Every structure is written in C-alpha cells, then in structure tokens.
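Quick notes on the structure that follows.
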Amino acid sequence: MRGVYRNHRADAMVCMIADHCKAHKALDKAIDACYGKKGFKSEPERLEFLFERYQEYIVKK
C-alpha cells in the first residue's frame with residue numbers, strides 16, 4: 001500500500017486510512033477462519049487468544 005500513496009499529499013490520507021482499515025479487517029477475518037473462530041468480542045480478546053496460541057507454539061519448540 002505504501003507504494004500506491006508515496007507521492008500523494010495529506011488529502012489522500014483519508015483513502016489510505018480507509019484502505020488500511022479494510023486490510024486489517026480482512027486479515028482479522030482470515031485469522032478467525034484459520035483458528036475456527038466466529039469472531040471475538042473485542043480486539044484485546046483477539047490478542048489474548050493469539051498470544052496464548054503463540055506461547056503454546058514456542059513452548060513446543
């Protein structure tokens with residue numbers, strides 16, 4: 001995304017922010033699907049879940 005907006009001024013920031021938010025929502029949806037989750041109540045809940053999975057992963061190594 002950075003390349004798309006490299007030469008634009010601040011007036012393009014609104015579009016960039018919208019694109020950035022859309023990309024994050026798509027990523028959240030993909031992560032939910034990977035873990036078989038239907039969604040989280042909040043972002044802190046999602047992060048807690050992901051860090052717990054990460055902790056399990058690094059302990060196994």
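Just so you know, the sequence shown maps onto residues 1 to 61 in full-length UniProt numbering.
Note that the Cβ used here is the ideal one computed from N, Cα and C, for glycine as well.
Predicted, not measured: the structure shown is a model, and the values here were computed from it.
inquiry  = Pop quiz: F49 and F40 are said to be a contact at Cβ under 8 Å. What is the actual Cβ separation, rounded to whole angstroms?
reply    = The residue labelled residue 49 in the question sits at position 49 within the sequence shown. The residue labelled residue 40 in the question sits at position 40 within the sequence shown. Right, the Cβ-Cβ distance comes to about 7 Å (below 8 Å), so this counts as a contact.
key: Rounded separation between Y57 and D28 - CA only   = One-based indexing of the sequence shown puts residue 57 at position 57. One-based indexing of the sequence shown puts residue 28 at position 28. About 20 Å.
inquiry  = Can you tell me where the alpha helix (DSSP H) holding K60 begins and where it ends?
reply    = Position 60 of the sequence shown, counting from 1, holds the residue named residue 60. Residues 43 to 60.
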